[in-house]
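Numbering (the working numbering), first residue to last: 6 to 197.
Here a beta-carbon is modelled for each residue, glycine too, at the ideal position from N, C-alpha and C.
A quick write-up on the structure given underneath.
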Ligand SMILES: CC(C)(COP(=O)(O)OP(=O)(O)OC[C@H]1O[C@@H](n2cnc3c(N)ncnc32)[C@H](O)[C@@H]1OP(=O)(O)O)[C@@H](O)C(=O)NCCC(=O)NCCS
């Protein structure tokens, strides 16, 4: 676990998820995303774990005491319309149980997730999420850099489609449309 210079030492640990974590992971998404979206996101995560086209996937949990309090998932994406091979992933979803929010757990899961992706040779990471949150961990608007989302993002939400390079020089050299795994590339996951 890395130290965050802005906060005191944290009482949580981060590790890769294992098979027996899946029920707790489901509960985290169900609760954190709320009554309407929660069950849908939990189902998405379940399906992504079984989606061959999402592999390799990277799944980390944050643990406080003996309880899983947060989860981050990254799955493979392809960039089409580019001749150059590039290893890319999408971060989706990320959730922290409400009682454990605002303690830096989300930021630390993102940081450790990005480190893991980088060590695995991933060059680009995309996210569709809160434009006030993800730039804190290095994400920048993707469309202006030549990366189209799988489905049209309305102009007023353009800032929610973001990218980060884990290997310098990829942004600018590579452009194209992002295609997610079979499960994530469905239009219902790209509506507000
Ligand atoms: C969004 C979420 C993952 C953040 O996790 P977290 O562990 O609470 O966040 P951190 O502790 O790392 O960061 C907290 C900071 O981010 C800010 N923040 C949290 N959610 C934010 C949002 N949606 N937009 C802008 N800023 C946000 C907080 O105000 C806080 O700011 P401060 O440091 O200036 O006080 C968490 O709130 C969550 O699980 N929400 C429900 C599910 C969800 O929306 N997931 C993200 C989908 S894109």
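In or out: residue i buried (at least 16 other Cβ within 10 Å) or exposed?
i, result
"residue 59", "buried"
"residue 128", "buried"
"residue 149", "exposed"
"residue 89", "exposed"
"residue 132", "buried"
"residue 7", "Low local confidence applies: a pLDDT of 48 at residue 7 is under 50, so the model's placement there is unreliable, with the coordinate-based value given in what follows. Result: exposed."
"residue 86", "exposed"
"residue 111", "buried"
"residue 71", "exposed"
"residue 184", "buried"
"residue 155", "buried"
"residue 39", "exposed"
"residue 190", "buried"
"residue 34", "buried"
To which residues does DSSP link residue i through a beta bridge?
i, result
"residue 182", "85, 153"
"residue 72", "69"
"residue 99", "77"
"residue 147", "Paired residues: none, contrary to the question."
"residue 93", "82, 129"
"residue 176", "179"
"residue 167", "132, 146"
"residue 63", "79"
"residue 18", "68"
Rounded to the nearest angstrom, how far is the Cβ of residue i from that of residue j, given a contact under 8 Å?
i, j, result
"residue 76", "residue 22", "7 Å"
"residue 151", "residue 180", "3 Å"
"residue 99", "residue 114", "6 Å"
"residue 30", "residue 74", "Not quite, the Cβ-Cβ distance comes to about 11 Å (not below 8 Å), so this is no contact."
> Where the beta carbon is closer than 6 Å to any heavy atom of ligand 1, which residues qualify, in chain order?
Replying inline: Listed by chain position, these are 37, 38, 98, 99, 100, 101, 106, 107, 108, 109, 110, 111, 112, 134, 135, 137, 138.
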